[in-house]
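Notes follow once the structure below has been shown.
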Amino acid sequence: MSSVDATPPTGPTPQELKSALKAFRKRLKLTQLDDQSRLGYGPMTGGQQSSIVAITPPDQFPAAVWEELARQGKLKRAGSGMYALGQP
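Those letters in the sequence shown? Residues 246 to 333, by the working numbering.
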């Protein structure tokens, strides 16, 4: 019989949280730029800001990472599995 390590699982590491937040910001920015560049905004209209403020976080990180970032206030839950940037 093998012994099982009884230590509780630890939360995400600070480095993992930092890289997850960076990936989230990058995906949010790209999603907003994509929204702004869609057809319908004329070149002479002065542009329009994207209305996208929340996205589904990148799936290469586990849900525990996003929950921890939300707990720290760096992200806000927006419902339906979506998150928005928290207050700086």
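For every residue, glycine included, the Cβ atom is placed at its ideal position computed from N, Cα and C.
The DSSP assignment places 320-324 as complete runs of the beta strand (DSSP E) inside the segment 263-329, in order along the chain (cut-off: 3 residues). By the beta-carbon neighbour count (other beta carbons within 10 angstroms, threshold 16), residue 310 is buried. The Cβ atoms of residue 265 and residue 299 lie no closer than 8 Å to each other. The residues 302, in chain order, have a CB closer than 6 Å to that of residue 269 in the same chain once the five nearest residues on each side in sequence are set aside.
Residue 260 sits in a helix when the DSSP states are folded into three classes. Nearest to residue 332 by C-alpha distance, out of 258, 271, 325 and 317, is 317.
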